[in-house]
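Chemist: What follows is a structure written as structure tokens; I'll ask about it next.
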Amino acid sequence: MKRKTGELDQYRTAAWPEPEATEESDPGCPDSRNDVRRLRPLTVLEHLSEASQPLTLAQLSKLMRVPKSTLMRLLRSMEMHGYVLHMPAERGFVTGVRSATLALRTLRGSNIRRECRAVLRGLVKKLGETCNLTVPDAGRVLYVERIDTTAPLRMHLQPGTLVPMHCTASGKLFLASMSLLERRSVLAHLPLTKPSPRTIIDRQKLDIELDKIARDGFGIDNEEFVRGMVAVAVPVRGNDHKLVAAIACHAPTARMSLAELRNGVPELRAAADAMRQVLFPAKS
346 MKRKTGELDQ
356 YRTAAWPEPE
366 ATEESDPGCP
376 DSRNDVRRLR
386 PLTVLEHLSE
396 ASQPLTLAQL
406 SKLMRVPKST
416 LMRLLRSMEM
426 HGYVLHMPAE
436 RGFVTGVRSA
446 TLALRTLRGS
456 NIRRECRAVL
466 RGLVKKLGET
476 CNLTVPDAGR
486 VLYVERIDTT
496 APLRMHLQPG
506 TLVPMHCTAS
516 GKLFLASMSL
526 LERRSVLAHL
536 PLTKPSPRTI
546 IDRQKLDIEL
556 DKIARDGFGI
566 DNEEFVRGMV
576 AVAVPVRGND
586 HKLVAAIACH
596 APTARMSLAE
606 LRNGVPELRA
616 AADAMRQVLF
626 PAKS
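Numbered by the working numbering, the letters in the sequence shown go through residues 346 to 629 in order.
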């Protein structure tokens with residue numbers, strides 16, 4: 346559904362996973378030690394992008410095997426330059442806006458982006474509605490890529506937009522894929538806002554909804570994020586079969602009901618398999 350510019354600006358602080366950085370080195374070689382130190386900012390971003398919620402200084406220190414005092418100086422510098430963001434309520438860190446800007450600019454010029462868009466474009470042609478690729482981002486959902494329908498009535502969200510987990514099809518799918526312990530830990534740190542009259546904010550009811558999504562294998566948004574919009578999302582899995590992203594399709598209820606949109610799940614799953622081959626090509 347077409348919305349005024351600015352109404353969704355609260356979600357437009359994005360982050361994007363950085364490439365892997367390794368810390369393998371020869372302890373006796375000064376050059377190797379210097380290389381490891383230079384790669385630490387990338388290692389920080391890697392850990393933050395993989396986490397389902399903000400990571401504390403202690404957690405990062407343990408993961409990276411770096412003293413807290415050393416790591417704190419690095420985090421302060423990265424925060425000052427916009428690469429990480431400190432979340433005081435959770436006493437943890439998430440990736441920052443500048444990380445998103447750098448990564449999205451890189452993605453725009455890559456073959457992977459063109460292939461991702463080709464998969465989504467084919468899906469939009471089949472379903473007739475807007476489709477997107479999303480990833481989890483520290484308790485939020487990041488829009489990585491999307492192809493809009495040509496129909497006049499639609500919701501416009503740019504790649505790089507962040508939206509809540511608890512009221513979106515992709516977000517609920519990500520939550521449903523977690524272990525019960527991890528899910529409860531993530532939900533405990535999430536503000537269950539109510540952007541729509543149909544948003545589920547009762548934690549017990551949300552747990553029931555997520556259990557059903559886990560059984561069904563796809564997520565739904567029944568006008569829970571935006572009134573008059575419905576959505577369905579399916580998982581994109583890596584070569585280890587872990588959920589790493591989601592492909593979703595959303596439509597205005599004036600044009601399509603949730604039941605009708607759910608009929609497109611087979612096409613969504615076929616697109617998710619094609620997307621997996623783009624993101625995780627088989628090794629030759």
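Think of the CB as a built atom: it goes at the ideal place given N, C-alpha and C, for glycine as much as any other residue.
Per DSSP, Tyr488 is paired with what?
Modeler: Here residue 488 is taken as the residue at index 143 of the sequence shown, counted from 1. DSSP, once it has assigned bridges, lists Thr479 as partnering Tyr488.
Chemist: If Arg528 and Leu520 are in contact, beta carbons under 8 Å, what's the gap, nearest whole angstrom?
Modeler: Against the sequence shown, residue 528 aligns to sequence position 183. Against the sequence shown, residue 520 aligns to sequence position 175. Correct: roughly 6 Å between the Cβ atoms.
Chemist: Is Val577 helix, strand or coil by DSSP?
Modeler: Locating residue 577 in the sequence shown gives position 232, where the first residue counts as 1. Reduced to three states, the DSSP call for Val577 is strand.
Chemist: Out of curiosity, what's the CA-to-CA distance linking Leu518 and Arg600?
Modeler: Taking the first residue of the sequence shown as position 1, residue 518 is located at position 173. Taking the first residue of the sequence shown as position 1, residue 600 is located at position 255. Cα-Cα distance, rounded: 24 Å.
Chemist: Please classify Asn477: is it buried, with 16 or more other beta-carbons within 10 angstroms of its beta-carbon, or exposed?
Modeler: Taking the first residue of the sequence shown as position 1, residue 477 is located at position 132. Flag for Asn477 reads buried.
Chemist: Can you give me the C-alpha to C-alpha distance between Arg443 and Ala615, rounded to a whole angstrom?
Modeler: Taking the sequence shown and counting its residues from 1, the one referred to as residue 443 is at position 98. Taking the sequence shown and counting its residues from 1, the one referred to as residue 615 is at position 270. Taking the straight line joining both Cα atoms gives about 34 Å.
Chemist: Within 8 Å, do at least three Cβ pairs link the stretch 454 to 472 to the stretch 605 to 622?
Modeler: Yes, the stretch 605 to 622 touches the stretch 454 to 472.
Chemist: Using the beta-carbon count (16 or more within 10 Å), is Pro412 buried or exposed?
Modeler: The count along the sequence shown starts at 1 and reaches residue 412 at position 67. Its Cβ having fewer than 16 others within 10 Å, Pro412 is exposed.
Chemist: CA-CA distance, Val508 and Ser422?
Modeler: What you label residue 508 is simply residue 163 of the sequence shown in a count that begins at 1. What you label residue 422 is simply residue 77 of the sequence shown in a count that begins at 1. Rounded to the nearest angstrom, the two C-alpha atoms are 27 Å apart.
Chemist: My output table needs one value for Val317: the three-state DSSP class, helix, strand or coil.
Modeler: There is no way to answer for residue 317, as the model of the chain reaches only from 346 to 629.
Chemist: Determine, using beta carbons only, whether Gly473 and Thr494 come nearer to each other than 8 Å.
Modeler: Counted from its first residue, the sequence shown places residue 473 at position 128. Counted from its first residue, the sequence shown places residue 494 at position 149. Yes, these two residues count as a Cβ contact at 8 Å.
Chemist: Whose C-beta lies closer than 8 Å to the C-beta of Gly583 among residues of the same chain, with five residues either side of it excluded?
Modeler: The residue given as residue 583 occupies position 238 in the sequence shown. The residues are Val589, Arg621, Leu624, Phe625.
Chemist: In three-state terms, what does DSSP make of Asn567?
Modeler: For the purposes of this step, residue 567 is taken as the residue at position 222 of the sequence shown. Asn567 falls in the strand class under three-state DSSP.
Chemist: Quick one: grab the DSSP three-state call for Ser370.
Modeler: Numbered from 1 along the sequence shown, position 25 holds the residue referred to as residue 370. At Ser370, the pLDDT of 41 sits below 50, so the modelled position is not reliable and the matter cannot be decided from this model.
Chemist: Is the beta carbon of Val389 less than 8 Å from the beta carbon of Leu430?
Modeler: On the sequence shown, residue 389 is found 44 positions in, with the first residue counted as 1. On the sequence shown, residue 430 is found 85 positions in, with the first residue counted as 1. Their beta carbons are not under 8 Å apart, which means Val389 does not touch Leu430 by this criterion.
Chemist: Taking Val486 as the reference, give the member of Asn608, Leu603, Ala591, Ala559 with the closest Cα.
Modeler: Here residue 486 refers to the residue found at position 141 of the sequence shown. The shortest C-alpha separation from Val486 is found at Ala591.
Chemist: How is the beta strand (DSSP E) around Ile592 delimited, first residue to last?
Modeler: If you number the sequence shown from 1, residue 592 lands on position 247. Ile592 -> beta strand (DSSP E) spans 588 to 597.
Chemist: Does DSSP classify Pro433 as helix, strand or coil?
Modeler: As a first step, residue 433 must be located in the sequence shown, where it is residue number 88. Coil.
Chemist: Have a look at Leu525 and Leu555 and give me their C-alpha separation to the nearest angstrom.
Modeler: Within the sequence shown, numbered from 1, the residue matching residue 525 stands at position 180. Within the sequence shown, numbered from 1, the residue matching residue 555 stands at position 210. Leu525 and Leu555: Cα-Cα distance of roughly 10 Å.
Chemist: Mark Thr475 as exposed unless 16 or more other C-beta atoms lie within 10 angstroms of its C-beta, in which case mark it buried.
Modeler: Here residue 475 refers to the residue found at position 130 when the sequence shown is read from its first residue. When all chains shown are included, Thr475 counts as buried.
Chemist: Measure the C-alpha to C-alpha separation of Val531 and Gly484 and round it to an integer number of angstroms.
Modeler: The residue you call residue 531 lines up with position 186 of the sequence shown. The residue you call residue 484 lines up with position 139 of the sequence shown. Each residue's alpha carbon lies about 7 Å from the other.
Chemist: Please report the residue range of the beta strand (DSSP E) in which Val623 lies.
Modeler: In the sequence shown, residue 623 corresponds to position 278, counting from 1. Unbroken run through Val623 is the alpha helix (DSSP H), 610 to 624; no beta strand (DSSP E).
Chemist: Taking only the alpha-carbon atoms, compute the straight-line gap between Ala366 and Glu391 and give it to the nearest angstrom.
Modeler: For this step, residue 366 is matched to residue 21 along the sequence shown. For this step, residue 391 is matched to residue 46 along the sequence shown. The predicted model places Ala366 with a pLDDT of 38, which falls under 50 and marks its position as unreliable; any figure quoted below should be read in that light. Ala366 and Glu391: Cα-Cα distance of roughly 7 Å.
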